[in-house]
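To start, the structure itself, in structure tokens.
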Amino acid sequence: IVMTEEIPKIKIIDAKNFVGKTVTIGAWLRQKRGSGKIAFLQLRDGTAFFQGVVAKADVSEEVFETAKSLKQETSIYVTGEIHEDARSSFGYEMAVSDIKVIGESHDYPITPKEHGTEFLFDERHLYLRHLKPFATLKIRNTLVAATYEFFNKEGFTKLDAPVLTGSAPEGTTELFETDYFGEPAFLSQTGQLYAEAGAMAFGKVFTFGPTFRAEKSKTRRHLTEFWMIEPEMAFMDQEESLKLQERYIAFLISKVLENNDQELDILKRDKDLLRSYTQLPYPRVSYDDAVKLLQDNDFDVEWGVDFGSPEETFLANHFAKPVFIVNFPKAIKPFYMKRHKTRDDIVVSADLLAPEGYGEIIGGSERDTDYDYLKNEIEKLGLNMDEYAWYLDLRKYGSVPHSGFGLGLERMVTFVTGEEHIREAIPFPRMTNRLRP
Ligand code: 4AD
Ligand code: MG
């Protein structure tokens, strides 16, 4: 295909700069309808979804025949004039004058009829091309970019944690084990211990990478491979950390509202509701008070239990905002969390629960700084001390108060997009029953 110099090759997302001009766009055909005189082509070019109108009276017979013969997902170069069109969801359409087929497509499996979820995820490599995945993953991309922007602005250094590791700070029941030249190794559950080492070198760091949990429970909030952002801050107590966390969440939501208007419309997400979540501060409720509140509302919970999904949903909906539940029982939290000043049954921790049923989006705490205490906790858990000696070193050489937290990216994506199930929030989900594609 020879492109002429006069006809600019553009992306449809830039249509507003080309109204009334003839352009060429590389695109795929999603659907098509029409009559003997006109064909309406539903197109996408990787930046947006738009319509091309082919009027028999305005094009050569050959072009009209080509338009009529296009199959779902055929790739084409389509040339024509850009028009504003208030009726189309994107706001622009193309009056087509020429079509060149690039790659044919036959018997595309995801037809316009309804398909079951399992089928769509078996075809995830193709399903990515469709409206809902496109909108959801564009928003995920905004969250990733906004994360770097926020932490750069706040003076953090991005520090990459390893994926292969010997430690298991979040409990030993959900580990993926692998053979590392004859030694057992695990896929990382968290980058936190490495982030703590980093905070002692760079002050404020964040890790951002895939983390792994062999979660056997099938829920709509659990993946076996998910991406976590783990900031860790030296010389920062829990109160300051909570303020940073809420600023971060409000920043992420604002960035999506600013950049993803079209995608939020596609997903029918209530923007005013999202905007209300940018109002700070978020309420802080102690675990003790949360248990009382739940009991007063007929939940069958005892002090000491971890909250399940119905409890989390009730708590955040009660405040109609993300809510911090602070100071959990020590017995249900990891060994590294800082002991409370006056009570030995709780730790200085906080989970941030999202409203509308999206569950825990952040888990974090201040970290205990005492060498002997931590060594003892690790021994009590029966963990292999060789794997934690380096971590304990951090308490030997200039230990300082420090805090950190982990945001589950996919949980945040479901919350912002309003997606029911976490599998929608990652390009290629890994769950107990899914390793492919
Ligand atoms: O609460 P978690 O287990 O905390 C940690 O891993 C700490 N090391 C974080 C830290 O303090 N640096 O996990 C943190 C977050 C959860 O709040 C949740 O959003 C997400 O990670 N998460 C999952 N997301 C998807 N699938 C799973 N199986 C998840 N498990 C945790
Ligand atoms: Mg947690």
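Residue numbers (our numbering): 2 to 438.
Even for Gly, the Cβ is constructed at its ideal location relative to N, Cα and C.
As the structure is a prediction and not an experimental result, all values here were calculated from the model.
Close CB contacts of K22 within its chain, under the 8 Å cut and outside five residues either way in sequence, are with P9, E82, I83 (chain order). In chain order, Y128, R424, P430, R435 place their CB closer than 8 Å to the CB of F122, counting only its own chain and leaving out the 5 sequence neighbours on each side. Of the heavy atoms belonging to the ligand 4AD, at least one sits nearer than 8 Å to the Cβ of Q190. Checking the DSSP bridge columns, you'll see P211 partnered with W228. In chain order, the residues with a C-beta atom nearer than 7 Å to some heavy atom of the ligand MG are D352, E361, G364. Here T112 is exposed. Its C-beta has fewer than 16 other C-beta atoms within 10 Å. At the C-beta level, R276 and L253 stay beyond 9 Å of one another.
DSSP places A49 in the coil class of the three-state scheme, outside both helix and strand. Within the stretch 119-202, the complete alpha helix (DSSP H) runs of at least 4 residues fall at 125-128, 132-154.
Short of 8 Å from the beta carbon of S310, and not among the five residues preceding or following it, lie these beta carbons of its own chain, in chain order: T220, R222, G358, G360.
No Cβ-Cβ contact shorter than 9 Å links T148 with F91. Secondary structure at T343: coil, using DSSP grouped into helix, strand and coil.
Where R34 is concerned, there is no enclosing alpha helix (DSSP H), although the beta strand (DSSP E) around it starts and stops at 23-35. In this structure the stretch 241-249 touches the stretch 389-406; the number of beta carbon pairs closer than 8 Å is three or more. A321 sits close to P356, with the two beta carbons spaced by under 9 Å.
Judged by the Cβ position, L160 fails to qualify as a neighbour of the ligand 4AD at the 8 Å threshold, every heavy atom of the ligand being at least this far. When only Cα atoms are considered, G199 and T191 end up about 14 Å apart. Sequence-distant Cβ neighbours of I362 in its own chain, meaning closer than 8 Å and more than five residues away, are I250, P323, L353, L354, A355, L408, G409, R412, M413, F416.
L294 is not a Cβ neighbour of F336, given a cutoff of 9 Å.
When distances are taken from the beta-carbon of Q193 to the heavy atoms of the ligand 4AD, the shortest one is below 8 Å. A351 sits in a strand when the DSSP states are folded into three classes. The closest heavy atom of the ligand 4AD lies less than 8 Å from the beta carbon of F227. A residue is called buried when at least 16 other Cβ atoms come within 10 angstroms of its Cβ; W304 does not meet this threshold and is exposed.
Residue side-chain check: P402 keeps its Cβ at 8 Å or more from all non-hydrogen atoms of the ligand 4AD. Secondary structure of E85 (DSSP, three-state): strand. Of K397, L42, T370, M229, the smallest CA-CA separation from L144 is found for M229. The three-state reading of DSSP puts H116 in coil, since its state is none of H, G, I, E or B. Nearest to I39 by alpha-carbon distance, out of D59, Q32, K342, M237, is D59. Within the chosen limit of 8 Å, the ligand 4AD does not reach the beta carbon of L243 with any heavy atom. By alpha-carbon distance to A215, the top candidate from L188, F209, E231, D271 is L188. Between the alpha carbons of D262 and T25 lies a gap of roughly 25 Å. V55 and V79 have their C-alpha atoms some 10 Å from each other.
For M201 against L395, the beta-carbon gap comes to about 6 Å, under 8 Å, which counts as contact. Sorting T174, N153, Y195 by C-alpha distance to the C-alpha of L165 places Y195 at the top.
Counted as a single uninterrupted DSSP element, the stretch harbouring E367 is not any alpha helix (DSSP H) but the beta strand (DSSP E) occupying residues 360-367. Y278 carries a coil assignment under DSSP once its states are collapsed to helix, strand and coil.
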